[in-house]
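Chemist:
In my numbering, the protein residues as written are 27 to 344.
(1) Can you have a look at residue 250 and say buried or exposed, based on whether 16 or more other CB atoms are within 10 angstroms of its CB?
(2) With a Cβ-Cβ cutoff of 8 Å, do residue 106 and residue 73 count as a contact?
(3) Under the three-state reduction of DSSP, which class applies to residue 328: helix, strand or coil?
(4) Are there 16 or more other CB atoms within 10 angstroms of the CB of residue 333, so buried, or fewer, so exposed?
(5) Have a look at residue 223 and residue 215 and give me their C-alpha separation to the nearest angstrom.
(6) Check whether the Cβ atoms of residue 290 and residue 269 sit closer than 8 Å, and answer yes or no.
(7) Pull up the distance between the alpha-carbon of residue 52 and that of residue 239, whole angstroms please.
(8) Here's a check: name, in chain order, each residue in its chain whose Cβ is nearer than 6 Å to the Cβ of residue 33, leaving out the five neighbours to either side.
(9) Is residue 53 close to the ligand FMN? I mean its beta-carbon at under 7 Å from any heavy atom of the ligand.
(10) By the DSSP assignment, the alpha helix (DSSP H) with residue 112 in it spans what residues?
(11) Which whole-angstrom value describes the C-beta separation of residue 70 and residue 101, a residue pair presumed to lie in contact below a C-beta threshold of 8 Å?
(12) With DSSP run on the structure shown, which of helix, strand or coil describes residue 169?
(13) So, for residue 62: in the same chain, excluding its five sequence neighbours on each side, which residues have a beta-carbon less than 7 Å away from its beta-carbon?
(14) Relative to the alpha-carbon of residue 171, which residue among 149, 244, 258 and 129 has its alpha-carbon at the smallest distance?
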């Protein structure tokens, strides 16, 4: 248990992840309201939107209006997502407000690469070479490799640690060719195949191979094991997680309609606080924002905590 971190950094992705999958339409004003409320909880990293084709992702047709509309809170890092030069240029128009950085995004499953991007693995490597060069030509740093389907895939089945290692190696080769220095590796359980034993095996292999790299986990709660998986990762010293308030979102290309999205921000915060790990987040305030998110989307969200509340009120009453 000595590897448990003293503090965990939470990268909130609820606005971007949630509003890209909701059938909507969600009013721009409500998106802005949620972003500003999240910044008041102590979260210091919020992914606010996707700069993508409105034909493919109509939920983010108002990305520019949303970014222009929210009031940035000092000390909070606001980020966005894009997949091509058009999206990058749209993001760069807000360089004074958004933290712009690039990523080499790969998938440990070729089956999911084909389903998600309509590319083979080799074709995706070529696309990432071009995208990395594009980022660097705009003075946008590329420090992160993201690996989707790092724990299993609905289209390809079990994913071995060796497949994850090979995928990261491919990303590092792209970075080396371009002259980019990678500091971060993000491992995503895109389709909810992870369980604590898988978490331990994959993290063990990755950290053994690259002990100097910082690892982030992007967990989905598809099968109700996200908190258990986070607990296993915390015991191994992982201190960075992507989360979504209320459990907003989910991957639209995972082949499981209606599956739960990311690990809920408030449930991870509760777990950390009960383990004596600092997050800098006001849990009760975050729960209230989760309730706001549920009201905005107009249906029940996966989070149990926004319905049950935190333990603090009961402790005080007892």
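Idealized CB from N, CA, C, for every residue including glycine.
Modeler: Taking the structure as given:
(1) Exposed is the call here.
(2) Yes, Cβ-Cβ distance for residue 106 and residue 73 is below 8 Å.
(3) Coil.
(4) Residue 333 is exposed by the Cβ-count criterion.
(5) If you take the alpha carbons of residue 223 and residue 215, they lie about 13 Å apart.
(6) Contact: yes.
(7) Answer to the nearest angstrom: the Cα atoms are 38 Å apart.
(8) Hits under 6 Å: 304.
(9) Ligands are entirely absent from the displayed structure, and the ligand FMN is therefore not among its contents.
(10) For residue 112, the uninterrupted alpha helix (DSSP H) segment begins and ends at 111-118.
(11) With a Cβ gap of about 6 Å, residue 70 and residue 101 count as contacting.
(12) For residue 169, the secondary structure class from DSSP, reduced to helix, strand or coil, is strand.
(13) Excluding positions up to five away in sequence, the list reads 96 and 97.
(14) The shortest Cα separation from residue 171 among 149, 244, 258 and 129 belongs to 129.
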